[in-house]
Amino acid sequence: MEQHSHITLPKGSIEKTTTTLNIGPTHPATHGVFQNIMEVDGERVVSTEQTVGYIHRAFEKLAERRPLYQITPITDRLNYCSSPINNMGWHITCERFLKIDLPKRVDYLRVIIMELSRISDHLICNSIVGVDTGAYTGFLYVMQYRELIYEIYEEVCGSRLTTNIGRIGGFERNFTNTAFTKLEKFLNEYPGVLREFEKLFTRNRIFMERTQGTGGISAARAMNYGFTGPNLRAAGVDYDVRVQQPYSSYQDFDFKVPVGTTGDNYDRFLVRNAEMWESISIIKQAYQKIQEFKGADAEIYHADVPEYYLPKKEDVYTKMEALIWHFKIIMGEIDLPKGQIYSAVEGGNGELGFYLISDGGRTPFRLHFRRPCFIYYQAFEELIKGGMLSDAVVTLSSLNLIAGELDA
Amino acid sequence: MALTNTYIQEKLVEKFNDQVFQFSTDSGILSFESAAENNLKVLQFLYEESSLGFTFLTDLCGVNYPDNKGAELVVVYHLHNFIENIRIRFSIAVPIAKPDVFTATKLFESANWMERETYDFFGINFIGHPNLKRILNVDEMDYFPLRKEFPLEDQTRIDKDDEMFGRG
C-alpha cells in the first residue's frame, strides 16, 4: 500500500474494526435536531451515544423571571406535536397550586382539546414509523386530517402549532359554533381514515416483519428507565396519569387503557392506534356532556378568578375593578402563595410533569419540567444494541422523540 | 392495605430515626429530607422494602437556595409507587462549596441523564456516576447557569425598573 506521509490518522484508527457513523444532528432519520454517534460493525449496531441539547433554550431559567401566564407560551415549545396538552398541563398545575376550582364545562372543553392533540401527536408518530419502514402513503394520507384538528385549534385560539391555548382558569373565549361544526366534521370523517390507516399497516406483512421483535424492552427495564406513556404501556404496564391521578374531570369518562406485551416497535404502534380510538370515544362523550349544558350554563368557559383571569376588554374600559385587575395581571404584580407542587398530565408521549416552587414572589422560584422523552431516550442504546442499523431508525421514530421536549 | 403517608413516615422514622426529618405534606405529596450522605440508603430502603415499593423514579432535579448557608444546593427526588398509586418527594441539601452527592444510577437507570442535567445546571457532583458530563449545554461552558448567582438579565440595566417586573 502506498504511504501517504502527509495524512495523519488518529491513533488506533487503522486497527479499529468498527465504523463510526454519525446520524444527525440534522438527518432525515432523526425527525428533529439530535445526534447519534453509532459504532457499527457492518450493519449491526455495536454501541451508540446520543447527543442532545442542540435546541436547548433555557426554559427553566426563563420561567424564573416570568409571571405564570407568560410561561404558557414556553410550554408550547416542549412537545410541539401536542402543544395544547402542555398548555393545559401548565394551567392545571397553576390551578392546583392556587386552589382554583373549575366549572365542569371548562373541564370538558379542555378534555376535547387535549384528546384532539393526543390524536394529532400519535398520528404523526405512527405515520412516521410508516415512513421509516418505507410506506409514505399513510403519512401523506393522515396529514390531511391533522389539518382538521389544527383548524379546530385555530377556531378556538387563533393559532395552529404553538397554540398558547386557554388561560389559567379556563379559555380565552367560548367555543364558537364553527368550532363545534368543525369538531363534528372531524368526528365524522376521522374514524374511517384511521380504519383505513390501520388497514394499510396493522396486518401488512412487510410492516410487521420490520417492527415486530425490534426495539423491545421488558416492563421491569422500561420502569427502571423511567418510561411513561404509550412506550411504557406497550411494555405491559397500564400506567396512565388520566386514570391514576385524574385531572380535568377524566374520572367522568369511560375509556380503556390499551397495553402491549413485548414493548417492541409493533406494540408501540398498536398501543398508539388503540389510544386514538379511545381518544375519539372520549371526545364524543365530552361533546355529548357539553351539549347537555343549557342556557347560561352553556356560556361558561372560565372560572371566576379575577386575580388570574383577564377581564373582558369592554369591562377594562368601563369598570374600575376590571381595569385594576387587568393592569395587575399584565404587569405581573400578583404575589404567589408560598409552597411547592408537582403536578402531572398524560402528555402525548408520557407523563409530563411540572415541579413548581414558589417563595412567595411574583414568578416561580424554580420550575422544572419533567419531560418524558428526555428520560426514556436514555434507553435507546439498550433498545438497538446488536440489531440492524435500519431497525435502529425505526426504533428512533417509534419512541416518539420530540427535539423540543428533549432539550427544553 | 392501602399505603398512606402516615405509614410511610412511620416506616422511615422506625428505620432511620432522626436521620430523616422535615416531614410535611403539601398537595397530598409527603415530603421529607435527610442528610446528603444517607440519600442512597433512604432511596434503597424505599425501593426494596416490600411494603413501600417506590420503584419508579419520576423526577430528579436540583434547586439553588443561595440564602441557606451551608445547604445552598438541593437535590429533589420524586418517587412513585405505581401499584398503590402514591408519590413522595425526598430531598437532600449540600453546601455549594462541596456539592457531593451519591449517584442513584445503580438503583434507577433513569437517574443517569437526570443527574447529568442536574450537574450541567447546578454543578452537583454525583459520586460514582458512570458518565458525569454536560448534557444540554456546550462542553466548554465553565459555569452552572441555573444557580441563582446568574441573573437572567443584565442587572446593570437602568432603563427598566425591576421592582415593577417581578423579582427585584
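Chains as they are written, first to last, in the working numbering: chain A, 1 to 408; chain B, 409 to 576. Even glycine gets a Cβ: it sits at the ideal position worked out from N, Cα and C. If you're wondering where the values come from, they're calculated on a predicted model, not measured in any experiment.
A check of alpha carbon separations from A:Gly24 across A:Asn36, A:Lys385 and A:Ser127 identifies A:Asn36 as the nearest. Residue burial annotation: A:Ala220 is exposed, with fewer than 16 other C-beta atoms found within 10 angstroms of its C-beta. Below the 8 Å Cβ cutoff, chain A contributes Gln378 as neighbours of B:Asn520, in chain order. Here A:Met320 has no same chain residue with a Cβ atom under 8 Å from its own Cβ, once five neighbours each way along the sequence are excluded. Here the region 95-115 of chain A makes contact with the region 275-287 of chain A; the two share three or more CB pairs at distances below 8 Å. For A:Ser358 and A:Pro67, the gap between their C-alpha atoms comes out near 11 Å.
No Cβ of chain B is located within less than 8 Å of the beta carbon of A:Arg242. Minimum Cα-Cα distance from A:Asn86 among the listed residues A:Ala235, A:Thr75 and A:Asp121 corresponds to A:Thr75. At a cut-off of 8 Å between beta-carbon atoms, B:Phe510 makes no contact with chain A. B:Glu548 and B:Lys541 have their alpha carbons spaced roughly 11 Å apart. At least one CB atom of chain B sits nearer than 8 Å to the CB of A:Ala58.
The contact set of B:Val483 on chain A, defined by CB atoms closer than 9 Å, is empty, because the minimum CB distance reaches about 12 Å.
From the listed residues B:Thr463, B:Phe529 and B:Gln430, the smallest Cα separation to B:His486 is found for B:Thr463. Residues of chain A whose Cβ lies closer than 7 Å to the Cβ of B:Thr463 are, in chain order, Met223. In terms of Cβ geometry, A:Arg366 and A:Glu95 do not form a close pair [threshold 8 Å]. Between A:Asn273 and A:Glu198, the C-beta gap is smaller than 8 Å, which places the two residues in contact. Counting along the chain, the unbroken alpha helix (DSSP H) around B:Gln452 starts and ends at Asn447 to Glu456. Judged by DSSP secondary structure, A:Gln244 falls within the alpha helix (DSSP H) whose first and last residues are Val241 to Gln244.
A Cβ-Cβ distance of about 5 Å is found for the pair A:Arg362 and A:Gly332, placing them in contact under the 8 Å criterion.
The shortest C-alpha to C-alpha distance from A:Asp132 to any of A:Ile300, A:Leu9 and A:His27 is the one to A:His27. Note on geometry: alpha-carbon atoms of A:Arg173 and A:Ile300 lie some 9 Å from one another. When the beta-carbon positions are compared, A:Gly360 and A:Leu336 come within less than 8 Å of each other. In this structure A:Tyr308 is buried. Its beta-carbon is surrounded by 16 or more other beta-carbon atoms within 10 angstroms. Residue pairing by DSSP places A:His368 opposite A:Tyr355 in a beta bridge. Of all residues in the region 533-560 of chain B, the ones placed with a Cβ closer than 7 Å to any Cβ belonging to chain A are Ile543, Leu544, Asn545, Pro553, Leu554 and Leu560, in chain order. Taking 7 Å as the cut-off between beta carbons, the residues of the region 469-482 of chain B near chain A are Cys469 and Val471, in sequence order. The beta carbon of A:Arg370 falls within 8 Å of a beta carbon belonging to chain B, placing the residue at that interface. Residue state for A:Gly32 is assigned as coil, using DSSP reduced to three classes. Straight-line spacing of the CA atoms in A:Phe227 and A:Asn400 works out to 12 Å. Ranking A:Thr262, A:Ile14, A:Gln244 and A:Thr8 by CA distance to the CA of A:Lys256 puts A:Gln244 first.
Against B:Ile437, the close residues of chain A are Tyr342, in the order they occur along the chain (beta-carbon pairs closer than 7 Å).
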